Amino acid sequence: MRECPPMNLTLHDIVETIDGIIGPVTSYIHLPGEVIISPKYVLLQRTMQNMPGTIRVIHGNHYLRYNISIQGRLDPTYRKASDDIHFLQPYYPHYFKSEGDSFLTVPYHRVQKVYRGRQGVVQLLEMPENICDSIQAAAISLLKFLHENMIPLSNLGVVGSILLQLQTVGISDIDLVVYGSSAYRQAMHLLSRGYLQTLRFPGESEWRSHYTQVGIMNRLSAEEYAKLMTQQFNRGSISGVDFGILAVRNAEEIEKLKRRLSYQYSLLYENCELVGHVIDDSEIMFMYPSIFCVEIEKWISEHPRSGGTELQIFNYSAPYVGLELQGKKIYLQGDLYLHENKRRTKLCVKIWPRTGLLRIL
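So the sequence shown is numbered by this note's numbering: it starts at 6 and just counts up by one.
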């Protein structure tokens, strides 16, 4: 059974290896003694003349920004950065790519430094106002708003480029995390009420114009994608700076996820279709995966004749994360699994990108 890493590493904390690979933690569950990251910066092993792409300076060292593609085209820096990782592959044998991202399994003994989201909050709030740039000032304003409305600072984190102090005014976003489902719901409620005048959220027309591969991958039209996105308040702007807020499971919720993933799952049917209504969306805000429960109203496709009327849904499709679905009637398409634990046997559906589908009826 895989285990969560020690050192209190959690999703979106950033790891720097002794070889100069920097990237965020991308999973809750890891092999013992290892952590999975997605490389974002790779230390230049030698001086490169006229190297295209973005070079960043961290602690006086020069790093390549590790982009696989820019606007659908291969980033010219990617091959160089990838070559450097390939050169280090004996130390990092588990290097793989999936859906446009790269992932690396890092043994703990090759971790040089950890940048934690909670530490990022402390660093920002301790900064003198006269040295803050516009991105940092906007992030501080958003953090103070959430904290002043009863969200503890221990439930908030700053990640991404701000955590590394690599933000670029006019380009970089604010990346925040909220630890725990209760705190995240409270944050979304506050943001949706419009109490802070400097907040702004895109409308349907803007989301339609930003219709991206994410929508296509999840088999959504531009209209469907825009409608889903306007029902969420985790992406917007504050004082003209774009921000995104992600929910991260707390320690108790990670243990609950570990128990679920320890069950034995057997595939029964692919591309099952059904209609039901949501009876528990308390874990829908999380990713990797988002989880909610449905009471079945009608099977549209072939299905087992037993197994009860309730289904647990494991959702791996990004546009649906964070929606308020409690009590709503939905159409689902996904792969049907049987899972067993010591107490009982239950059914669940996994909604995968490209093949799965969820619609609110």
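Cβ coordinates follow ideal geometry from the N, Cα and C atoms, glycine included.
These numbers come from a predicted model, not from an experiment.
Asked: Reference Phe-238, options Ser-226, Val-326 and Pro-309, closest by Cα; Found: Val-326
Asked: Contact between the stretch 283-298 and the stretch 154-163 (3+ Cβ pairs under 8 Å); Found: no
Asked: Val-126, enclosing alpha helix (DSSP H) - first and last residue; Found: 122-130
Asked: Nearest-angstrom beta carbon gap, Ile-318 and Leu-343 [assumed within contact, 8 Å]; Found: With a Cβ gap of about 15 Å, Leu-343 and Ile-318 do not count as contacting.
Asked: Straight-line Cα distance separating Trp-357 from Phe-150; Found: 36 Å
Asked: Leu-49 (DSSP reduced to helix, strand or coil); Found: coil
Asked: Any chain B beta carbon closer than 8 Å to Arg-70; Found: Checking the listed chains, one finds no chain B in this structure; it contains a single protein chain.
Asked: Other residues of its chain near Glu-258: CB distance less than 8 Å, five sequence neighbours each side excluded; Found: Gly-185, Ser-186, Glu-288 and Phe-291
Asked: Top-ranked residue by Cα proximity to Trp-304, from Tyr-33, Gln-331 and Val-354; Found: Val-354
Asked: Closest Cα partner of Glu-315 within the set Ser-306, Thr-350, Ala-323 and Glu-307; Found: Thr-350
Asked: Where Tyr-200 falls: helix, strand or coil (DSSP); Found: coil
Asked: Segment limits, alpha helix (DSSP H) that includes Lys-149; Found: 139-153
Asked: Ser-242 in three-state terms, based on DSSP; Found: strand
Asked: Exposure label - Asp-286; buried when at least 16 CB within 10 Å; Found: buried
Asked: Nonlocal neighbours in the same chain, by C-beta distance under 6 Å from Ser-177, ignoring five residues either side; Found: Ile-140 and Ser-166
Asked: DSSP-derived helix/strand/coil call for Ile-259; Found: helix
Asked: Reference Leu-195; option with closest CA among Ala-231, Met-155 and Leu-49; Found: Met-155
Asked: Neighbourhood of Glu-275 by C-beta distance below 6 Å, restricted to the same chain and skipping five residues each side; Found: Asp-340
Asked: Supposed close pair Val-283, Leu-330 - CB separation, criterion 8 Å; Found: 4 Å
Asked: Residues sharing a beta bridge with Phe-297, DSSP; Found: Ile-318
Asked: First through last residue of the beta strand (DSSP E) which encompasses Ile-34; Found: Looking at the DSSP string, Ile-34 is not in any beta strand (DSSP E), and its letter there is neither H nor E.
Asked: Nearest-angstrom Cα separation, counted from Phe-248 out to Ile-365; Found: 26 Å
Asked: Sequence-distant residues of the same chain with beta carbon closer than 6 Å to Met-193, five excluded per side; Found: Phe-238
Asked: Whole-Å CB distance - Gly-281 paired with Ile-301, under 8 Å assumed; Found: 5 Å
Asked: Backbone secondary structure at Gln-236 - three-state DSSP; Found: coil
Asked: Candidates Leu-352, Ser-322, Glu-209 and His-308: closest to Ala-231 by CA position; Found: Glu-209
Asked: Buried/exposed call for Ala-144, threshold 16 Cβ in 10 Å; Found: buried
Asked: Nearest-angstrom beta carbon gap, Thr-22 and Val-116 [assumed within contact, 8 Å]; Found: 6 Å
Asked: Rounded separation between Gly-25 and Val-182 - CA only; Found: 25 Å
Asked: Proximal residues to Cys-277 (C-beta, below 6 Å), its chain only, five neighbours per side dropped; Found: Ser-306 and Leu-341
Asked: Residue closest to Lys-45, alpha-carbon to alpha-carbon, out of Tyr-68, Val-126, Tyr-33 and His-64; Found: Tyr-68
Asked: Extent of the continuous beta strand (DSSP E) to which Glu-209 belongs; Found: That residue, Glu-209, is in no beta strand (DSSP E); its alpha helix (DSSP H) goes 209-214.
Asked: Inter-residue spacing [alpha-carbon to alpha-carbon] between Leu-352 and Thr-217; Found: 33 Å
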